[in-house]
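Colleague: Be aware that the sequence shown starts at 22, since it is given in my numbering, and climbs by one per residue. This is the structure I want to talk about, given as structure tokens.
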Amino acid sequence: MGPYIANYLEQVWLAGVASGWCLKCDAHPNDLDGAGVHQQSHKTTDVFIIAFNLALLWENYGIWANVPFTYGFPQADIHKLLSLDLLHQVIKGTFKDHIVGWVNEYLYLVHGETHTNEIIDVIDWRISSVPTFPGVGYSGCISSE
Numbered sequence: 022m023g024p025y026i027a028n029y030l031e032q033v034w035l036a037g038v039a040s041g042w043c044l045k046c047d048a049h050p051n052d053l054d055g056a057g058v059h060q061q062s063h064k065t066t067d068v069f070i071i072a073f074n075l076a077l078l079w080e081n082y083g084i085w086a087n088v089p090f091t092y093g094f095p096q097a098d099i100h101k102l103l104s105l106d107l108l109h110q111v112i113k114g115t116f117k118d119h120i121v122g123w124v125n126e127y128l129y130l131v132h133g134e135t136h137t138n139e140i141i142d143v144i145d146w147r148i149s150s151v152p153t154f155p156g157v158g159y160s161g162c163i164s165s166e
């Protein structure tokens, strides 16, 4: 098996990890650079499932007792096979989740709630009026003959 590319929600389901937690390591979402971070693996997940109750696993380790489809395959640890989906996780995540949030916070601080809502409505209207594929046009060189 090679890399498995999927969006984050599917990767969460495949890896048996709680949403918001890393698919590759056991770092806590609020302390990604913390000490004692290790790679996720079938072996560590098995040890945790045996040692702790399911509620504790979910809350403290972001693990739910899902058996990945790759579990029985030799050398096919799903935590190592999952690959980032750059479009959704990096580009869209960075743009939508951070830049849009920062702009909204800035507008709110500078213009107040009422005027900010008006500005956001204008921005939404302008974005919705842009053609879906602005660089694509009919050239006339393709015919049905």
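Yeah, the Cβ is synthetic: ideal placement off N, Cα and C, and Gly gets one too. Computed from a predicted model, the values in this text were never measured in an experiment.
Going by C-alpha to C-alpha distance, which of N125, I84, I99 sits closest to E139?
Modeller: Residue N125 is the option with its Cα nearest to E139.
Colleague: Can we say the segment 118 to 133 touches the segment 45 to 58, given the rule of at least three CB pairs closer than 8 angstroms?
Modeller: The segment 118 to 133, when compared against the segment 45 to 58, does not touch it at the 8 angstroms Cβ threshold.
Colleague: Helix, strand or coil: how does DSSP classify Y82 here?
Modeller: In this structure, Y82 counts as helix in the three-state DSSP scheme.
Colleague: G133 lies in the alpha helix (DSSP H); which residues open and close that run?
Modeller: Its alpha helix (DSSP H) spans residues 122 to 150.
Colleague: With a threshold of 6 angstroms on Cβ separation, who are the neighbours of T91 within its own chain once the five nearest residues in sequence on each side are excluded?
Modeller: So the list reads A97, I99, once near-sequence residues are dropped.
Colleague: Alpha carbon to alpha carbon, how far is N74 from D145? Give it in angstroms, no decimals.
Modeller: Cα-Cα distance, rounded: 47 angstroms.
Colleague: W85 and G37 look like a contact to me (Cβ under 8 angstroms); what is the Cβ gap, rounded to whole Å?
Modeller: Between G37 and W85 the Cβ distance is about 5 angstroms, and since that is below 8 angstroms, they are a contact.
Colleague: So, with DSSP's three-state summary, where would you put Y92?
Modeller: Y92: coil per DSSP, three-state reduction.
Colleague: Classify S164 as buried or exposed, calling it buried when 16 or more other Cβ atoms lie within 10 Å of its own Cβ.
Modeller: Caution applies to S164, whose pLDDT of 49 falls short of 50 and renders its modelled position unreliable; the value that the coordinates give is listed next. Counting Cβ neighbours within 10 Å, S164 comes out exposed, since fewer than 16 surround it.
Colleague: Cβ atoms of D47 and V33: under 8 angstroms apart, would you say?
Modeller: Taking 8 angstroms as the Cβ cut-off, V33 and D47 do not qualify as a contacting pair.
Colleague: By DSSP's criteria, L103 is part of a beta bridge. Which residues make up the other side?
Modeller: Its beta-bridge partners are Y25.
Colleague: Roughly how many angstroms separate the alpha carbons of A56 and A76, rounded to a whole number?
Modeller: Between A56 and A76, the C-alpha separation is close to 23 angstroms.
Colleague: Tell me whether Q61 is buried or exposed, calling it buried when 16 or more other Cβ atoms sit within 10 Å of its Cβ.
Modeller: Classification of Q61: buried, given that the 10 Å Cβ count is 16 or more.
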